[in-house]
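**Student:** In order, the protein sequences belong to chains A and B. For our numbering, count along the first sequence from 1 and bump the result up by 2. For our numbering, count along the second sequence from 1 and bump the result up by 2. First the structure, then my questions, so here it is.
There are 2 protein chains.
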Amino acid sequence: MATRTPGSVLFRSLKALQVYGANTDVGKTVVSTILCKALARATPEQQAWYLKPVSTGPLEDADDYSVSRFSPETRTKCLFQYDLPVSPHIAARGSKLPAFNDNSILSQVYSHITECHKAGPGTLLLETAGGIHSPTPASNSQADLYRPLRLPVLLVADARLGGISSSISAFESLHIRGYDIDSILVWENRQYQNHAYLHDYFKPRNIPVLALPPPPPRDNDRARDHEQMSLYYEKVSTLEKIDAFVENLSKNHEARIEKLTSLSTRAESHIWYPFTQHKDLSAKDIMTIDSAYGDFFQAVGQSNAEVPNSEAPNLLEPTVDGSASWWTQGLGHGDPQLSLAAAYAAGRYGHVMFAGAIHEPAMSLSELMLQNMHNPRLQRVFFSDNGSTGMEVATKMGLTAASQRYQHAKHDIGVIGLKGSYHGDTIGAMDCSEPSTFNGKVHWYEGRGYWFDFPQVKLKAGNWIVEPPSGMENGFGPATEFASLNDIFDMGTRDQSLAASNYRSYITEVLGRLQNEGKRFGALIMEPILLGAGGMLFVDPLFQRCLVQVVRQNPQLFTDSSSPSTETASPPSSQDLGWSGLPVIFDEVFTGLYRLGRFNSASFLGVDPDISVHAKLLTGGLLPLCVTLASDSVYEAFLGTEKSDALLHGHSYTAHAVGCEVARTSVQKMMEMEKTQEWSVFQNDWSSSQSNTIDQESSQVWSMWSQGFLHQASLSPSVESVVALGSVLAINLQDDISGYNSTAARGLQGRLRADFKDFSIHSRVLGNVFYLMMSQTTKMEAVRRIEQMVLASLTGSS
Amino acid sequence: MATRTPGSVLFRSLKALQVYGANTDVGKTVVSTILCKALARATPEQQAWYLKPVSTGPLEDADDYSVSRFSPETRTKCLFQYDLPVSPHIAARGSKLPAFNDNSILSQVYSHITECHKAGPGTLLLETAGGIHSPTPASNSQADLYRPLRLPVLLVADARLGGISSSISAFESLHIRGYDIDSILVWENRQYQNHAYLHDYFKPRNIPVLALPPPPPRDNDRARDHEQMSLYYEKVSTLEKIDAFVENLSKNHEARIEKLTSLSTRAESHIWYPFTQHKDLSAKDIMTIDSAYGDFFQAVGQSNAEVPNSEAPNLLEPTVDGSASWWTQGLGHGDPQLSLAAAYAAGRYGHVMFAGAIHEPAMSLSELMLQNMHNPRLQRVFFSDNGSTGMEVATKMGLTAASQRYQHAKHDIGVIGLKGSYHGDTIGAMDCSEPSTFNGKVHWYEGRGYWFDFPQVKLKAGNWIVEPPSGMENGFGPATEFASLNDIFDMGTRDQSLAASNYRSYITEVLGRLQNEGKRFGALIMEPILLGAGGMLFVDPLFQRCLVQVVRQNPQLFTDSSSPSTETASPPSSQDLGWSGLPVIFDEVFTGLYRLGRFNSASFLGVDPDISVHAKLLTGGLLPLCVTLASDSVYEAFLGTEKSDALLHGHSYTAHAVGCEVARTSVQKMMEMEKTQEWSVFQNDWSSSQSNTIDQESSQVWSMWSQGFLHQASLSPSVESVVALGSVLAINLQDDISGYNSTAARGLQGRLRADFKDFSIHSRVLGNVFYLMMSQTTKMEAVRRIEQMVLASLTGSS
């Protein structure tokens with residue numbers, strides 16, 4: 003049986019707290035001992051536990067020994083003991099113990115806490131080593147190591163000179179990692195009075211500061227020292243304020259549970275959810291997320307007994323964020339680097355006016371994006387707040403440029419796109435898509451344009467095929483098999499194929515017919531490769547490539563034939579960066595920035611768009627920001643003598659510094675991952691040459707999802723076909739009804755949420771399409787385990 | 003002459019650096035001495051300066067004495083010396099020196115640095131006291147006190163056991179306040195090897211760590227100690243790596259200037275600005291913002307000589323953010339509390355999926371908003387990313403509810419609003435406004451609705467008046483004088499007036515006519531009181547109140563008269579929370595959340611809207627977030643058996659945790675300011691009873707701008723009229739052309755940017771309207787000084 007993945011700990015009958023120190027030698031163990039003694043006295047029917055995961059120094063001085071000596075009722079434990087009295091990372095180097103990585107420490111800590119819980123009700127104190135950032139045996143910060151547990155913190159402040167500063171800084175370092183500080187404890191000191199200052203400082207932050215009499219100075223005579231400490235502990239652990247403190251620990255624990263378990267009911271009463279039919283939604287359907295770290299939500303379990311006993315499960319279940327939180331996650335949740343980047347920009351700028359102004363994060367991000375698109379057309383960056391607004395900006399750009407050249411009327415102009423496309427929820431972005439479930443009932447929505455049906459890429463019953471749209475086998479020929487997904491992406495070869503020539507003829511013919519019908523167009527808009535909201539539809543890249551080719555090479559198709567414009571540009575040479583035919587807009591909001599395994603998804607088509615829109619992964623999955631990149635040729639259409647000729651669009655928080663700094667950090671981090679071949683373990687599985695060396699220049703396509711898994715899944719009787727690229731997996735399930743109104747994927751979704759011991763999987767479905775999407779930082783073992791779960795769920799076993 | 007407001011320091015010929023310590027007693031002064039000696043040796047033609055602003059402990063041990071003893075070439079200075087060897091906040095209490103607040107310390111530090119600069123080229127080291135958060139004499143954190151200077155930091159790390167943790171935490175506390183860390187220095191220590199760990203830790207963060215031989219242990223014999231230290235200094239200050247380090251300080255200084263001064267040119271090449279005609283924009287028009295704090299940008303000055311000499315001015319000019327960064331600022335720039343709130347949510351959640359899920363920050367913010375609107379209709383919260391998208395959501399809500407009741411067709415439906423209104427830049431939000439400069443040339447824009455012209459409130463030549471729209475004196479009567487602005491807002495009295503009855507008749511007549519013309523409407527949409535983008539137009543609140551009354555009391559005006567609906571609701575009783583006539587939408591994106599002095603601006607009208615939209619100040623001015631609050635009666639229109647009946651809108655980052663946590667923090671902070679009467683100094687000026695006690699329940703209107711100033715400004719020959727409410731001031735300038743195309747306000751704008759010694763003012767103008775907008779945290783002295791500047795600029799003197 004799979005063991006549970008270590009995650010947050012929240013048992014009703016076990017209070018687990020983490021003791022951090024503002025520095026080393028501030029009295030963590032003395033505080034722990036006092037509390038353990040007080041707990042034993044206050045609740046003798048319950049157990050007090052003390053856990054020191056990692057300890058350094060001679061065994062006879064070890065903290066767990068000291069606690070058990072003075073508080074014999076407490077059950078103490080140390081998991082990793084090193085002899086040298088230095089930081090664990092140095093002690094580990096000199097030790098004969100095996101090298102422990104952070105994961106193995108975390109697992110053992112998690113198991114130990116679970117065992118304590120099973121043994122009956124009580125309180126557990128987990129005492130850390132040194133200061134909060136003291137290194138783990140594997141040289142990372144222990145504040146990061148223990149973060150997944152997210153235990154409430156008792157921070158022992160520093161009472162010495164300088165201790166105000168180190169205590170506040172320690173608090174801040176924990177806080178920006180998403181820890182909640184339950185209370186602060188500190189020795190009284192008449193001279194420095196740190197306790198008084200800290201009390202006032204933390205009062206408006208709702209963190210109580212408890213000042214305690216300091217222990218007597220260490221006596222070198224062990225017996226006398228022991229005796230003095232015994233007296234000290236007896237006195238301090240029976241203070242009234244300690245009783246009150248211990249009682250508060252219980253109250254806070256219950257208040258946390260009460261608050262957390264009430265959230266779904268409160269949400270049902272007052273939240274209006276996006277894309278949600280509330281008629282079918284009750285509180286029990288609402289997932290309460292206590293926190294998230296890496297790939298996991300820590301979510302309130304679906305069947306939590308309210309009885310506080312040792313059989314009751316952990317209230318919080320590690321739950322894979324299987325939709326990458328609506329396609330946004332790149333670096334996993336709770337990344338401290340992104341948290342610091344956000345805070346740095348907030349501290350340096352807040353938000354500053356952007357119209358007519360510039361700041362470093364916006365400029366650096368702009369240059370980073372332009373340089374790494376490797377598209378010489380793109381020279382300008384326009385900022386907005388999300389994919390939908392970024393697409394409105396792109397559309398305004400395209401329509402203005404085209405109608406200026408072709409002298410089209412202002413309203414009488416549409417876009418060319420693909421069926422099933424989706425570009426956002428604001429009316430202008432909706433207007434770029436054909437009528438569908440998403441927009442059909444929206445007032446003021448009016449699909450403006452023409453949308454091509456297109457051939458799709460699928461892995462069907464073990465074979466990669468390109469399948470023509472139904473009813474169009476005549477024009478495109480029957481479904482074609484390919485030896486590999488890579489062959490489908492071999493644009494060099496396929497460009498010369500009969501398929502390409504069929505595609506071009508068909509497209510030219512349709513555009514000619516539309517022109518004759520008097521239809522006027524202002525832009526070609528496409529999501530390269532993968533149409534997300536439309537149902538994770540995988541477009542034949544050759545078809546999209548041909549569409550761009552035909553549009554660019556035939557500007558005469560877009561003039562008003564009744565009054566031929568003299569301004570029609572001739573087909574561009576390869577050096578010409580001006581737009582031709584129509585401005586080509588790529589909506590890479592979802593597909594760009596490594597979602598499909600590459601910096602941009604235009605590169606799969608070998609096509610340079612005139613306008614490219616990027617959001618979602620742009621900030622690594624932290625907060626909204628969008629960039630619309632454009633060519634000078636498009637930009638120049640807005641230069642004029644009048645202000646009203648300008649692109650009159652701009653949100654108050656345009657290019658907000660926090661978003662720009664977070665985006666710069668995360669884009670750089672993902673680029674660094676590519677450079678250091680972090681994904682080679684996945685790429686190896688897709689390498690057709692069977693070689694273990696990945697050619698950096700290679701045009702190999704790859705996915706985090708293994709070829710073997712896809713093959714097996716595609717053979718399941720309930721599966722129509724599967725596709726995968728980059729971190730995206732989509733499984734098209736057999737159903738009589740297809741599309742958004744199908745409920746075929748619900749069963750699979752439900753089994754993945756409930757059937758597994760180690761963790762569960764939260765997913766979103768699109769009608770009969772079940773999909774999963776990981777972060778760019780997800781480890782191979784996690785993906786492989788999820789693959790097992792999916793296969794088991796497809797066949798009905800778990 | 004006014005003295006310069008202390009701000010960031012960046013002189014070409016003076017390198018100024020700040021020495022912070024990871025803890026007290028880590029060797030800041032020894033490091034400073036080493037560097038001073040090395041500087042004197044490396045650049046004997048330049049001056050080395052050492053400044054210890056605040057020192058505690060006996061004079062003979064003072065740090066500046068020590069530096070000058072061992073580095074006699076260095077010019078040292080201490081500004082505030084306390085005898086007690088404790089933290090400055092305790093030392094100050096026991097001292098005979100006057101109590102110094104942070105501002106006076108900052109001013110003296112700033113003056114001293116400026117004097118050093120004038121004395122010739124060199125390097126200045128500013129050594130702080132204790133650890134980074136050590137308290138100032140006024141008990142605040144010194145990291146906050148010195149933040150406005152934003153000097154590059156030399157962080158002296160802690161080489162002792164536990165020092166890894168305290169050094170990293172100190173770095174994080176500085177970083178989240180927007181400090182840049184130039185380098186880290188630390189003593190070598192074989193046993194703990196902190197220097198090695200820190201070196202590896204900070205390498206990917208691009209911060210070099212320099213390890214130095216530690217000083218000899220202190221010798222109690224002063225003479226011997228002196229001798230040993232002299233030898234130590236001679237040895238260490240001549241190390242090759244110290245030479246390299248000192249050279250790097252220069253390189254980094256020049257690189258910073260180079261980077262900063264190149265930003266505007268790089269921006270000109272690649273940024274596409276919002277609402278900006280680029281044809282007229284050159285690099286010199288682009289304001290480069292190095293950082294911002296409180297009310298001030300630290301912006302690269304407009305006339306910076308490139309010669310590095312002691313006459314050249316500070317490259318950075320403190321510049322008032324006079325547009326509140328496009329109307330967003332509430333708590334000032336660089337607020338550490340908001341920075342921490344952002345980082346906490348990032349660390350705890352990142353962004354987590356919101357559809358069908360809930361997290362604490364979203365729920366708390368929702369309840370906070372619903373409870374404090376004091377509008378019993380509002381029960382539901384829908385999240386989006388900015389005001390424009392929030393208005394699209396509101397419009398979708400309103401149109402669906404109305405056309406469901408009245409059976410209107412999907413496209414054939416408009417909104418009722420006011421002329422000059424503006425609701426955002428996305429097409430759907432644009433469609434809610436009449437054609438104007440902002441949207442007239444936008445493709446797909448189509449104003450859908452009817453917009454009433456309206457009477458305006460003005461202070462004209464010293465008198466508060468309500469002025470009818472031109473050409474409508476017949477219906478509304480001539481301009482009416484009022485004794486005070488307060489009287490204009492006295493809805494109880496004015497509701498019974500002839501004006502109210504005129505307004506109602508007029509509105510009823512117009513709506514009847516529109517109905518007869520076959521026009522169909524789905525919502526009444528208004529910005530209460532102040533139409534921002536339309537030109538800071540101040541609407542007579544009585545007119546808006548009457549508009550709502552007429553719409554709600556006459557549902558028969560909105561039915562299709564050719565096929566009377568049986569579903570027409572009767573006029574609502576006061577208990578009825580259902581919408582009547584049309585859903586009433588208030589766009590409080592700009593006017594809400596204390597911008598006009600109150601939590602919401604609906605309260606000025608005494609009207610409860612059915613839908614209310616809030617953004618901008620929602621996050622205190624940090625990042626984009628919007629809430630659309632709605633009544634259950636509107637919400638119920640979306641309950642249905644089909645998914646497509648739901649409100650199908652939702653951005654990927656819906657209710658992102660960072661935004662929600664920042665919003666919760668800032669809304670609570672502003673509410674706390676109201677509760678503790680932080681604005682009473684401003685309110686007193688507006689108290690008509692001449693009393694100094696502010697009645698909490700009072701309906702008094704007030705502004706940060708004083709009545710006397712408004713009166714004087716309104717008398718200026720160049721001024722047509724002025725208005726002010728809350729933090730907003732608008733001055734309507736005389737011009738033959740009025741509106742967005744006027745350039746009348748440019749002169750005033752230019753004088754405020756250039757003419758003053760203490761600070762300059764950055765402002766945005768709207769045609770002939772000059773406006774200023776402060777934060778909710780701006781102090782009265784600043785507002786009064788700005789008033790002086792405006793008056794001086796209006797009359798042409800400075």
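Positions of the beta carbon are idealized from the N, C-alpha and C atoms, including for glycine. None of the values given here were measured: they were computed from a predicted structure.
Candidates A:460, A:499, A:486: which alpha carbon is nearest residue 478 of chain A's?
**Tutor:** A:499
**Student:** Which complete beta strand (DSSP E) runs does the segment 576–653 of chain B hold, if anything under 3 residues is left out?
**Tutor:** 586–589, 613–616, 628–633
**Student:** Relative to the C-alpha of residue 562 of chain B, which residue among B:60, B:204, B:198, B:516 is closest?
**Tutor:** B:516
**Student:** Check the C-beta distance from residue 395 of chain A over to residue 405 of chain A and give it rounded, since I have them as a contact under 8 Å.
**Tutor:** Going by Cβ atoms, the distance from residue 395 of chain A to residue 405 of chain A rounds to 16 Å, so no, they are not a contact pair.
**Student:** Quick one: is residue 784 of chain A near chain B, going by C-beta distance under 8 Å?
**Tutor:** no
**Student:** Evaluate the contact criterion for the segment 95–115 of chain B versus the segment 75–87 of chain B: three or more CB pairs, one atom per stretch, below 8 Å.
**Tutor:** yes
**Student:** Just to make sure I have the definition right: I need the residues of chain A whose C-beta is within less than 7 Å of the C-beta of residue 172 of chain B. Which are they?
**Tutor:** 171
**Student:** Quick one: what's got a C-beta closer than 7 Å to residue 502 of chain A's C-beta in the same chain, skipping five residues either side?
**Tutor:** 496, 544, 548
**Student:** Under the assumption that residue 661 of chain B contacts residue 625 of chain A (Cβ atoms under 8 Å), give the Cβ distance between them as a whole number of angstroms.
**Tutor:** About 6 Å separates the beta carbons of residue 661 of chain B and residue 625 of chain A, which is inside the 8 Å limit, making them a contact pair.
**Student:** So within the segment 455–528 of chain A, which uninterrupted beta strand (DSSP E) runs reach at least 3 residues, ignoring any that extend past its ends?
**Tutor:** 458–462, 465–469, 482–484, 523–528
**Student:** Could you tell me if residue 789 of chain A is buried or exposed, where buried requires 16 or more neighbouring beta carbons within 10 angstroms of its beta carbon?
**Tutor:** buried
**Student:** Chain A beta carbons: is any one of them nearer than 8 Å to that of residue 303 of chain B?
**Tutor:** no
**Student:** Taking CB distances under 8 Å as the criterion, tell me whether residue 555 of chain A reaches chain B.
**Tutor:** no
**Student:** Provide the residue(s) that pair with residue 80 of chain A in DSSP beta bridges, ordered along the chain.
**Tutor:** A:54
**Student:** Residue 168 of chain B and residue 160 of chain B: beta carbons closer than 8 Å?
**Tutor:** yes
**Student:** Note down, in chain order, each residue of its chain lying with its Cβ closer than 6 Å to the Cβ of residue 203 of chain A, except the 5 sequence neighbours on either side.
**Tutor:** none
**Student:** Does DSSP classify residue 244 of chain B as helix, strand or coil?
**Tutor:** helix
**Student:** Using a Cβ-Cβ distance cut-off of 8 Å, determine whether residue 569 of chain A contacts chain B.
**Tutor:** Interpretation of residue 569 of chain A is limited by its pLDDT of 49, a score under 50 that renders its predicted location unreliable; the figure taken from the coordinates is listed afterwards. Contact with chain B is absent for residue 569 of chain A, since none of that chain's Cβ atoms lies less than 8 Å from the residue's Cβ.
**Student:** Say whether chain A places a C-beta atom closer than 8 Å to the C-beta of residue 697 of chain B.
**Tutor:** At residue 697 of chain B the pLDDT is 46, less than 50, meaning the model places this residue with poor confidence and gives no usable figure here.
**Student:** What is the DSSP secondary structure of residue 788 of chain A, counted as helix, strand or coil?
**Tutor:** helix
**Student:** Hey, out of A:528, A:410, A:241, whose CA is closest to residue 434 of chain A's CA?
**Tutor:** A:528
**Student:** Under three-state DSSP, which class holds residue 62 of chain B?
**Tutor:** helix
**Student:** Going along the chain, which residues of its own chain have a beta-carbon closer than 6 Å to the beta-carbon of residue 143 of chain A, five neighbours each way excluded?
**Tutor:** 135
**Student:** Anything in chain A within Cβ reach of residue 31 of chain B, meaning under 9 Å, just list it in chain order.
**Tutor:** Listed along chain A, no residue sits closer than 9 Å to residue 31 of chain B by beta-carbon distance, the nearest being about 14 Å off.
**Student:** Closer than 8 Å, Cβ to Cβ, to anything on chain B: give me those residues from the segment 338–356 of chain A, in chain order.
**Tutor:** 338, 340, 341, 342, 344, 345, 346, 347, 348, 349, 350, 351, 352, 353, 354, 355, 356
**Student:** Using 8 Å for Cβ pairs, my map puts residue 342 of chain B next to residue 445 of chain A. What's the rounded Cβ distance?
**Tutor:** 42 Å between Cβ atoms; not a contact.
**Student:** For residue 281 of chain A and residue 643 of chain B, what's the separation of their Cα atoms in angstroms?
**Tutor:** 7 Å
**Student:** Apart from the five residues just before and just after residue 357 of chain A, which ones in its own chain have a Cβ nearer than 8 Å to its Cβ?
**Tutor:** 652, 656
**Student:** What is the rounded straight-line gap between the Cα of residue 727 of chain A and the Cα of residue 419 of chain B?
**Tutor:** 48 Å
**Student:** Is the separation between the beta-carbon of residue 468 of chain B and that of residue 510 of chain B shorter than 8 Å?
**Tutor:** no
**Student:** Residues of chain B with CB under 7 Å from residue 359 of chain A, in chain order?
**Tutor:** 288, 289, 291
**Student:** How would you call residue 536 of chain B, buried or exposed, if buried means at least 16 neighbouring beta carbons within 10 angstroms?
**Tutor:** buried
**Student:** Would a check of beta-carbon distances place residue 284 of chain A closer than 8 Å to chain B?
**Tutor:** no
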